[in-house]
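Quick note: the sequence shown uses this note's numbering, first residue 1218, plus one each step.
Some notes on the structure that comes next.
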Amino acid sequence: DKDLQGKTALVTGAASGIGRAVALLYGQHGAKVMVSDIDEEQGRQVVAQLKAAGAEARFCTADVGDPAQCARLVQETVAAFGTLDIACNNAGVTGELSLTADYSLEGWQKIINVNLNSVFFCLKYELEVMLKQGAGSIINMSSILGQVGTPTLAGYATAKHGVVGLTQTAAIEYAAQGIRINAVGPGYIDTPLLSGFSAEAKQELVALHPIGRLGRSEEVAELVIWLSSDKASFVTGSYYPVDGGYLAK
Ligand code: NAD
């Protein structure tokens, strides 16, 4: 299905996990893909994979915690492909694992910067381009922890809740100008993000999902592709869980 033919799509955190699956699926659907990450080696491998599959793709290094680098990323995307039609603001980290009273001040600033400020930085510069075009679709990566909390992840959960508020607000502001902005909330997905969890801890995570397993990156990517496409033309300001039933309990 080449429903994204001719469109330009930008993905942050595209060297691994969910972002990589999104980038590869954008290519399959006919989009030109800007793969961005701080991990240049892995990011370039994703570009090579896209090209081998017949897609147009480029790599641009950007640390999304730095607004200047987000601005440059958007500029380079437009310079390379001429437009920016779709953006998946996906890059993120787990951050410190501490109870709230023990959470370090530096750790807090860092997780809010990388997981929340980053989405604002990217969104701000993406919107500049999309407003000129009068069209665009933006997907921000939240989490089930954008709706509920869990012990030791206060920084992460706060950032992911913030992503939902930012998504709703910007969606309302720009809906009449042809720009749709939505948030996706994955349950626990088996990616390198979970590498800090022991096999035992992963089993405990499995038990939180009525479906009885962790999710796959591709299962999140399918939802992102749909939200990116014109098939979702009446969908904006929404939070979509893709969580194996986690939030339904
Ligand atoms: P991952 O670790 O596999 O991939 C994340 C990518 O982001 C990596 O390639 C990393 O290099 C990149 N990255 C990290 N910091 C960056 C920065 N400052 N600038 C640019 N790139 C940076 O993780 P993933 O599981 O694919 O996570 C992707 C997104 O999905 C994150 O926002 C994460 O919070 C969210 N998410 C993941 C899960 C899960 O269980 N894996 C669940 C819910 C939400």
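Using N, Cα and C, we set each Cβ at its ideal position, and we do this for glycine too.
Distance between residue j and residue i (C-alpha atoms, nearest Å)
i        : j        : result
Leu-1422 : Lys-1377 : 18 Å
Glu-1293 : Phe-1276 : 10 Å
Leu-1322 : Asn-1334 : 16 Å
Ser-1446 : Ala-1238 : 16 Å
Pro-1368 : Asp-1319 : 12 Å
Val-1338 : Val-1281 : The displayed chain sequence assigns Phe, not Val, to residue 1338. When rounded, the distance between both Cα atoms is 7 Å.
Lys-1419 : Tyr-1373 : 18 Å
Val-1252 : Glu-1436 : 19 Å
Gln-1350 : Glu-1417 : 49 Å
Lys-1466 : Phe-1298 : 44 Å
Ile-1398 : Gly-1363 : 16 Å
Gln-1222 : Gly-1271 : 12 Å
Contacts around residue i, its chain only, beta-carbon distance under 6 Å, and the 5 residues preceding and following it disregarded
i        : result
Gly-1404 : Ile-1361, His-1426, Gly-1432, Asp-1460, Gly-1461, Tyr-1463
Leu-1290 : Ser-1253, Cys-1277, Ala-1279
For residue i, the three-state DSSP class (helix, strand or coil)
i        : result
Thr-1384 : helix
Arg-1237 : helix
Leu-1227 : strand
Asp-1254 : strand
Arg-1261 : helix
Lys-1419 : helix
Gly-1244 : helix
Ala-1438 : helix
Ser-1450 : coil
Ala-1269 : helix
Leu-1425 : coil
Ala-1465 : helix
Per DSSP, the bridge partner or partners of residue i
i        : result
Val-1346 : For Val-1346, which the question treats as bridged, DSSP gives no partner whatsoever.
Val-1459 : Pro-1403
Lys-1249 : Thr-1225
Gly-1432 : Ile-1406
Cβ shell of residue i (< 7 Å), same chain only, five flanking positions each side left out
i        : result
Ala-1288 : Tyr-1342
Ser-1450 : none
Val-1264 : Val-1252, Ala-1274, Arg-1275, Phe-1276
Ala-1371 : Thr-1317, Tyr-1320
Gly-1230 : Gly-1236, Asp-1254, Asn-1307, Ala-1308, Gly-1309
Chain C contact for residue i (CB, 8 Å cutoff)
i        : result
Met-1251 : The structure shown contains no chain C; it is built from a single protein chain.
- Message: Runs of 4 residues minimum, wholly inside the stretch 1272 to 1340: which ones carry the alpha helix (DSSP H) assignment?
- Response: 1284 to 1298, 1322 to 1329
- Message: Just to confirm the assignment: which complete alpha helix (DSSP H) runs, minimum length 4, are found wholly within the stretch 1352 to 1413?
- Response: 1371 to 1391
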